[in-house]
Amino acid sequence: MSVPKSEYLSNVWANDIFANRVLFITGGAGTIGSAQTRALVHLGADACIIGRSVEKTEAAAKEIAKVRNGARVLGIGGVDVRSFDSLKAAADCCVSELGAIDYVIAGAAGNFIAPISSLSPNAFKTVLDIDTIGTFNTLKATIPHLVDSAARNPNTDPTSTSHSGQTGGCFLAVSATFHYTGMPLQSHVSAAKAAIETLTASVALEYGPLGVTANCVAPGAIEGTEGMERLASSLVSRRERSKGIPSGRWGVVRDIADATVFLLSDAGSYVNGTTLVVDGAGWRRQGGV
Ligand code: HXC
-8 MSVPKSEYLS
2 NVWANDIFAN
12 RVLFITGGAG
22 TIGSAQTRAL
32 VHLGADACII
42 GRSVEKTEAA
52 AKEIAKVRNG
62 ARVLGIGGVD
72 VRSFDSLKAA
82 ADCCVSELGA
92 IDYVIAGAAG
102 NFIAPISSLS
112 PNAFKTVLDI
122 DTIGTFNTLK
132 ATIPHLVDSA
142 ARNPNTDPTS
152 TSHSGQTGGC
162 FLAVSATFHY
172 TGMPLQSHVS
182 AAKAAIETLT
192 ASVALEYGPL
202 GVTANCVAPG
212 AIEGTEGMER
222 LASSLVSRRE
232 RSKGIPSGRW
242 GVVRDIADAT
252 VFLLSDAGSY
262 VNGTTLVVDG
272 AGWRRQGGV
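Quick note on numbering: my numbering labels position 244 of the sequence shown as 235, and the sequence is numbered without any gaps.
Structure representation (structure tokens):
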């Protein structure tokens, strides 16, 4: 059964805002990544989703393609973001099959619950390798294509008054909120996500003059995600947690997909070098979880 639109997209967006555009996303078969991809494909984009598991990635691509007649969604499995070469090959394949890369979402992540006392140096390094180095590798493999996309897009010319409503040349990394306060059992992820945010800000400074935008989205407690289900059950019951979130509920993947659409759309084209926190003000009240 296909996923109802209300689960991944609000009703406020115009249907063709991403027409003739291509999304390249790591972690695109994951809970948040597949909602982000569904949303963009629904609004006109083609997409290339990258993952470690061949089976899971190809199945997700097939499923996501159903959201719009004529959508082209390519699933490239067997790619570990810790390997720059395999990402570069995937980016080249995306361009040769789908014609371009206009948007990149670096969503692949690794996580487990562990206190520092049981975190080996290799365990800590593994999460930084997947999250931080993986984000850098994704950027490095795709940035020439984002620069090309920005150059083709009249809206990114600061002297242009033409606003077709379309965009291109946008990089979006997926952060978290743990590092704003520090988080027990998540020292490795906190360190990795802090680095991702400052890396992304530097991308905005270096590539902003070429028309590229680079931002992060920082999800709070999102229903159904592997990381939060594991973490929340280790800390405190979900009912207790919802009470502590000023907006009164856990987030849903649609909250992150909508934020993604905003950041990649013309409406978000002057948002650059920042992090959009989507957490119902949760971290301000009680830290990241
Ligand atoms: C302590 C652990 C551990 C655990 C693994 N390690 N699990 N240490 N507690 N629970 C240690 C291992 O002992 C080893 O160190 C090192 O980590 C590498 O482990 P491997 O299994 O060899 O690594 P690998 O096969 O590359 O797997 C990476 C992984 C795995 C991160 C450990 O869980 C994974 O692939 N996860 C991807 C899927 C995932 O986690 N999704 C959730 C993302 S959610 P030694 O010293 O023994 O060699 C997310 C959101 C964060 O990121 C924010 C939430 C809100």
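Yeah, the Cβ is synthetic: ideal placement off N, Cα and C, and Gly gets one too.
Excluding five sequence positions before and after residue 47, the CB atoms of its chain that fall closer than 8 Å to its own CB belong to 20, 68, given in chain order. Excluding the 5 residues flanking it on each side, residue 265 has same chain C-beta neighbours closer than 6 Å at 206, in chain order. Setting aside the 5 residues that flank it on each side, residue 200 has no residue in the same chain whose C-beta is closer than 6 Å to its C-beta. Under DSSP, residue 204 takes part in a beta bridge, and its partners are 161.
At a cut-off of 8 Å, the beta-carbon of residue 249 does not count as near the ligand HXC: no heavy atom of the ligand is closer than that. The C-alpha of residue 88 lies about 18 Å from the C-alpha of residue 59. Inside the segment 63 to 87, DSSP marks no whole alpha helix (DSSP H) run of 4 or more residues.
In the three-state reduction of the DSSP assignment, residue 8 falls in the coil class, being assigned neither a helical nor a strand state.
If the five residues before and after residue 22 are omitted, its C-beta is found closer than 8 Å to the C-beta atoms of 213, 215, 216, 217, 244, all from its own chain and listed in chain order. As the crow flies, the alpha-carbon of residue 49 is around 21 Å from that of residue -4.
For residue 183, no beta strand (DSSP E) encloses it; the enclosing alpha helix (DSSP H) starts and ends at 178 to 198. In the structure shown, residue 135 falls within a helical segment according to DSSP collapsed to helix, strand and coil. The residue from 180, 184, 13 with its alpha-carbon nearest to that of residue 90 is 13. DSSP places residue 210 within a strand segment (E or B) once states are collapsed to three. Relative to the Cα of residue 61, the nearest Cα in the group 36, 94, 241, 261 belongs to 36.
In this structure residue 261 is exposed. Its beta-carbon is surrounded by fewer than 16 other beta-carbon atoms within 10 angstroms.
DSSP, read as helix, strand or coil, puts residue 215 in coil. In this structure, residue 95 lies near residue 133, with their beta-carbon atoms less than 9 Å apart.
Relative to the ligand HXC, residue 122 has its C-beta within less than 8 Å of a heavy atom.
Judged by DSSP secondary structure, residue 118 falls within the alpha helix (DSSP H) whose first and last residues are 112 to 119. Rounded to the nearest whole angstrom, the C-alpha separation of residue 195 and residue 203 is 7 Å.
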